[in-house]
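The listed protein sequences correspond, in order, to chains C and P. By our numbering, the letter at position 148 of the first sequence is numbered 148, and the numbering carries on one by one without gaps. By our numbering, the letter at position 248 of the second sequence is numbered 248, and the numbering carries on one by one without gaps. Glycine included, C-beta positions come from ideal geometry on N, C-alpha and C.
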Amino acid sequence: MDRYELRRLDYSLSEDHLDLQSAYKQFFKTHCPIETVRAAEPSGFDKNLWERLCAMGATTMALPESCGGDGATLVDLTLVAEEIGRSLAPVPWIDHVCAARLLAGLGALGDETASVAGGEQLAAFDARIDSAQGARLIPTGSIADHIVVRDGDQIVRLTFGTRPAKVDNIGRLPMAWVDPGAADARTVLGQGCDALAKYRRALDEWRLLTAAALVGLVEEAMTIAAEFAKNRYTLGVPISTLQGISHPLANMAITVAGGRNLTRRAAWFLDNEPDARPELAPSAFVFMAEEAAKAATMAVHIQGGLGVSAEAAATAYLVRARGWPLAGGDPGASAKRVAELVAARESSAQVASV
Amino acid sequence: MDFSRVELSDDDEAFRDDARNFLKAQVTAEVRRRDRETGDNFDEGVHVALGAAGYLALEWKSESDGGFSRVRRRIWEQEKRRAHVPWVTWGTTAMVARSVAKFGSAELQNEVLPGVFSGQVRLCLGYTEPEGGSDVATCKTRAVRDGGSWLINGSKMFTTGAHNCQYVFLITNTAPDSPKHQSLTMFLVPLNLPGIEIQGLRTVDGDRTNIVYYSDVRVDDKYRLGEVNAGWTVLREPLNTEHGAVAAAADGLQDTSIMMHQAGSMATAVDKAAARVTQPDPSGRRLLDDQSVAYRLGRSFARMEAALSAPSIYGRVAIAQTMRDISPDLMDILGAASALPFGTDGAADDGSAEYVYRFAPLVGIYGGTLEVFRNMIGQYTLGLGKPNYSAPVKKVS
Numbered sequence: 001m002d003r004y005e006l007r008r009l010d011y012s013l014s015e016d017h018l019d020l021q022s023a024y025k026q027f028f029k030t031h032c033p034i035e036t037v038r039a040a041e042p043s044g045f046d047k048n049l050w051e052r053l054c055a056m057g058a059t060t061m062a063l064p065e066s067c068g069g070d071g072a073t074l075v076d077l078t079l080v081a082e083e084i085g086r087s088l089a090p091v092p093w094i095d096h097v098c099a100a101r102l103l104a105g106l107g108a109l110g111d112e113t114a115s116v117a118g119g120e121q122l123a124a125f126d127a128r129i130d131s132a133q134g135a136r137l138i139p140t141g142s143i144a145d146h147i148v149v150r151d152g153d154q155i156v157r158l159t160f161g162t163r164p165a166k167v168d169n170i171g172r173l174p175m176a177w178v179d180p181g182a183a184d185a186r187t188v189l190g191q192g193c194d195a196l197a198k199y200r201r202a203l204d205e206w207r208l209l210t211a212a213a214l215v216g217l218v219e220e221a222m223t224i225a226a227e228f229a230k231n232r233y234t235l236g237v238p239i240s241t242l243q244g245i246s247h248p249l250a251n252m253a254i255t256v257a258g259g260r261n262l263t264r265r266a267a268w269f270l271d272n273e274p275d276a277r278p279e280l281a282p283s284a285f286v287f288m289a290e291e292a293a294k295a296a297t298m299a300v301h302i303q304g305g306l307g308v309s310a311e312a313a314a315t316a317y318l319v320r321a322r323g324w325p326l327a328g329g330d331p332g333a334s335a336k337r338v339a340e341l342v343a344a345r346e347s348s349a350q351v352a353s354v
Numbered sequence: 001m002d003f004s005r006v007e008l009s010d011d012d013e014a015f016r017d018d019a020r021n022f023l024k025a026q027v028t029a030e031v032r033r034r035d036r037e038t039g040d041n042f043d044e045g046v047h048v049a050l051g052a053a054g055y056l057a058l059e060w061k062s063e064s065d066g067g068f069s070r071v072r073r074r075i076w077e078q079e080k081r082r083a084h085v086p087w088v089t090w091g092t093t094a095m096v097a098r099s100v101a102k103f104g105s106a107e108l109q110n111e112v113l114p115g116v117f118s119g120q121v122r123l124c125l126g127y128t129e130p131e132g133g134s135d136v137a138t139c140k141t142r143a144v145r146d147g148g149s150w151l152i153n154g155s156k157m158f159t160t161g162a163h164n165c166q167y168v169f170l171i172t173n174t175a176p177d178s179p180k181h182q183s184l185t186m187f188l189v190p191l192n193l194p195g196i197e198i199q200g201l202r203t204v205d206g207d208r209t210n211i212v213y214y215s216d217v218r219v220d221d222k223y224r225l226g227e228v229n230a231g232w233t234v235l236r237e238p239l240n241t242e243h244g245a246v247a248a249a250a251d252g253l254q255d256t257s258i259m260m261h262q263a264g265s266m267a268t269a270v271d272k273a274a275a276r277v278t279q280p281d282p283s284g285r286r287l288l289d290d291q292s293v294a295y296r297l298g299r300s301f302a303r304m305e306a307a308l309s310a311p312s313i314y315g316r317v318a319i320a321q322t323m324r325d326i327s328p329d330l331m332d333i334l335g336a337a338s339a340l341p342f343g344t345d346g347a348a349d350d351g352s353a354e355y356v357y358r359f360a361p362l363v364g365i366y367g368g369t370l371e372v373f374r375n376m377i378g379q380y381t382l383g384l385g386k387p388n389y390s391a392p393v394k395k396v397s
């Protein structure tokens, strides 16, 4: 690609962006303290919080106006996702909006799925890049009313009379084994290249929003660890003044700054020029999936014996830093997708310049 | 938020085409070959041509003073990179000329600035000392007043470009018993004075820098910049610029962080690797078909784009760190032929990745080490407090 092309590099947020960001920051601060996060761990889902969130318009905003939504941009959605990560909110918002947008794109938000838009019914999807056969783990499978999966070149919507059982998992997600063969109803939503391309777009959006959530998660884990370090003394000085502590914290700040801007730039391109930089969304995900685990581990380490306690907020961040990105399968599959997209572009550029 | 292509007026488009053609004609294969051979990162012919065409003055001056508009400044910056214009000595010249304009007497400004714009006068930095490091305020080079002039004795490391410059922006110590920030005086020392010896030093990336020795160098007081013992006031602004602690531009017409020039070598290496892995070998096999190659390339690309996205001093650290982190992987996936440098028969990527590997250690110390910047992030943005160090030890020698 032409790295010297004259493009703007403006990462700033508009007034509307800032209003949206502060509204959701305030919402989760008020309604999702760490006790709420802990209380929801057995089921992986806080229904009350979800209903409040939906009442705020968090699900309808994500749908196009033609489907009765508010037509928010992906940049808008990354702002919400970042606050979900910061607060570790036990709500299936990312999976739900990605699945709902996919249903909308396939023209499948009909009678049976009409209440998906407002979040009264929950939509889930298989977030893995490589299409699985048979039973597979679905991140929000135990609470979903509709589960969208690929089957060969078909996109199908599954419903179960009895929802699949939740399984324990490190991400504290409402995850379940879902066997498409055992579904009570199976509706084909689309077939062929176009339908599969829409599914791939949903996978990219899931990675984009998960990357944004991990940015918020890392920033909060860093903030908690930094506060601890400022007040913890060794040999008469705060440990925050020791470079063995301050430099890893500075590295987390760098991860947040770079990961956040990359996520927003990736979102902007998907919104405005989807064919120009399709590799940026999976890139943001690959970067944040790796860095979140490192940062959350360091944040626990900085708090030493107090950090490793199961009751410490730090450990709540630690397990989700790993479990959330892993819910979409091996993040390495996204790295390979980045390589394929970039290699295809660079080799055609080379052919063109010969 | 906006990453769109900039819509250019007809005039600006014509400016871009002129600039592109001019630079392409100036930076010939011979210029680039000579640059690699000398490591100068400077070419006098190109530089003087830029001056004669008016580009140096347009770049240096503010828009209100007749310089480039915002959009032309950005076009110019990108076109210079596209053409691989040697850039180091103009960078130091432009920076020091600002201090001359601000702190120099009218006489000194008249002596220096016209030549800066014509390209005949170049300026370099005399900051770091052999026994010092990133702490530029720790300065042993002495300046002692002697009537209407000063006698300077000492030595400076990393005076890059000195052998192509006419003046050095020199930090001296004029009050050895005062606290270090009240002990410094700045001079713009003519490099043709007796007692100055410039010794070349090649660095592992192929560039040339210099050690400069000052023995009883007599400098007229008119070359002093700012007040005696107030050198820190003169230095602060150029140091801030060099640290890259600058706010983002609302119009998006500037680099996201400092060191974007250096980051360009990393982007080139990644993009070249991406093209290379799709080329089939005689048996039709592509490197990309190896899943471990695809994984490492994708991960390297992702990490690079994150570094390119990080603003201000976060980006300054991220770029240098990422160059160090990903260049070994880029070399590995291209195999043994990635060990071959530019211009060598059969080099996998024209030596792009191995160059990033050799360049990365330097990028991590320019304008202060990565530790200095991590300290700044810790202290000023995370509020972690001033770093604690062990008590000073008495040197045993």
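Cβ neighbours of residue i in the same chain (closer than 6 Å, five flanking residues each side left out)
| i | result |
| --- | --- |
| P/I258 | G244 and R316 |
| C/D95 | A124, P139 and T140 |
| C/L341 | P278 and E279 |
| P/Y213 | S155 and E197 |
| P/E63 | S69 |
| P/K272 | D349 and S352 |
Beta-bridge partners of residue i, as assigned by DSSP
| i | result |
| --- | --- |
| P/M186 | P/I171 and P/L225 |
| C/L158 | C/I147 and C/R186 |
| P/Q199 | P/I211 |
| P/K156 | P/V212 |
| P/A143 | P/I152 |
| P/G126 | P/L170 |
| C/D10 | P/D2 |
Length of the line joining the Cα atoms of residue i and residue j
| i | j | result |
| --- | --- | --- |
| C/V97 | C/C67 | 13 Å |
| C/K336 | P/L297 | 8 Å |
| C/E35 | C/P90 | 11 Å |
| C/V300 | C/M222 | 9 Å |
| C/F45 | C/A183 | 22 Å |
| P/E131 | P/K395 | 13 Å |
| C/R128 | P/A310 | 28 Å |
| C/V188 | C/K230 | 57 Å |
| C/T51 | C/G57 | Looking at the sequence shown, residue 51 of chain C is not Thr but Glu. Whole-angstrom Cα-Cα distance: 10 Å. |
| P/L50 | P/A275 | 34 Å |
| C/A381 | P/R285 | Nothing can be reported for residue 381 of chain C: it is not among the residues displayed for chain C, which extend from 1 to 354. |
| P/L301 | P/M331 | According to the sequence displayed, residue 301 of chain P carries Phe and not Leu. Spanning the two alpha carbons is a distance of roughly 13 Å. |
| C/A267 | P/V204 | 39 Å |
| P/V234 | P/F103 | 7 Å |
Own chain residues within Cβ distance below 8 Å of residue i, not counting five before or after
| i | result |
| --- | --- |
| P/Y314 | S257 and I377 |
| C/D322 | Sequence inspection shows Arg at residue 322 of chain C; the Asp mentioned does not correspond to that position. Around C/R322: I170, G171, A292, A293 and A296. |
| C/G258 | F287 |
| P/G252 | D2 and F3 |
| P/F373 | H243, I313, R316 and V317 |
| P/Q379 | G385, K386 and P387 |
| P/V31 | D43, G45, V46 and P86 |
| P/D146 | R218 |
Proximal residues of chain B, C-beta to C-beta of residue i below 8 Å
| i | result |
| --- | --- |
| C/M1 | Looking at the structure shown, chain B is missing, and the protein chains on hand are C and P. |
Whole-angstrom C-beta distance between residue j and residue i, which should lie under 8 Å
| i | j | result |
| --- | --- | --- |
| C/L9 | P/F169 | Contact doesn't hold; Cβ gap of about 30 Å is too wide. |
| P/L288 | P/V270 | With a Cβ gap of about 14 Å, P/L288 and P/V270 do not count as contacting. |
| P/L123 | P/Y167 | 5 Å |
| P/M266 | P/T322 | 7 Å |
Close Cβ partners of residue i (< 7 Å) along its chain, the five nearest in sequence each way excluded
| i | result |
| --- | --- |
| C/E82 | A212, A213, V215 and G216 |
| C/L235 | none |
Suppose only complete runs of 4+ residues qualify. What are the alpha helix (DSSP H) ranges in the region 85-149 of chain C, listed by chain order?
Positions of the alpha helix (DSSP H) runs, each at least 4 residues long and wholly inside the region 85-149 of chain C, are given as 93-105 in order along the chain.
Would you list, in sequence order, the uninterrupted alpha helix (DSSP H) runs of no fewer than 4 residues that lie entirely inside the region 215-298 of chain P?
List check, alpha helix (DSSP H) in window: 231-243 and 260-276.
If you scan the region 163-251 of chain C from start to end, which runs of the alpha helix (DSSP H) of 4 or more residues do you find wholly inside it?
The qualifying runs are 193-231.
List, from N- to C-terminal side, the beta strand (DSSP E) runs of 3 residues or more that fit wholly inside the region 254-342 of chain C.
List check, beta strand (DSSP E) in window: nothing returned.
Any chance you could list the beta strand (DSSP E) runs of at least 3 consecutive residues sitting entirely within the region 37-94 of chain C, in chain order?
For secondary structure counted as the beta strand (DSSP E) over 3 or more consecutive residues, the region 37-94 of chain C holds no complete run.
Could you tell me which uninterrupted alpha helix (DSSP H) segments, each at least 4 residues in length, are contained entirely in the region 342-380 of chain P, listed from first to last along the chain?
Runs of alpha helix (DSSP H) with 4 or more residues, each lying fully within the region 342-380 of chain P, are found at 352-363 and 370-376, listed in chain order.
Restricting to runs no shorter than 4 residues, where is the alpha helix (DSSP H) found entirely within the region 310-335 of chain P?
With a minimum length of 4 residues, the continuous alpha helix (DSSP H) runs that stay inside the region 310-335 of chain P are 312-334.
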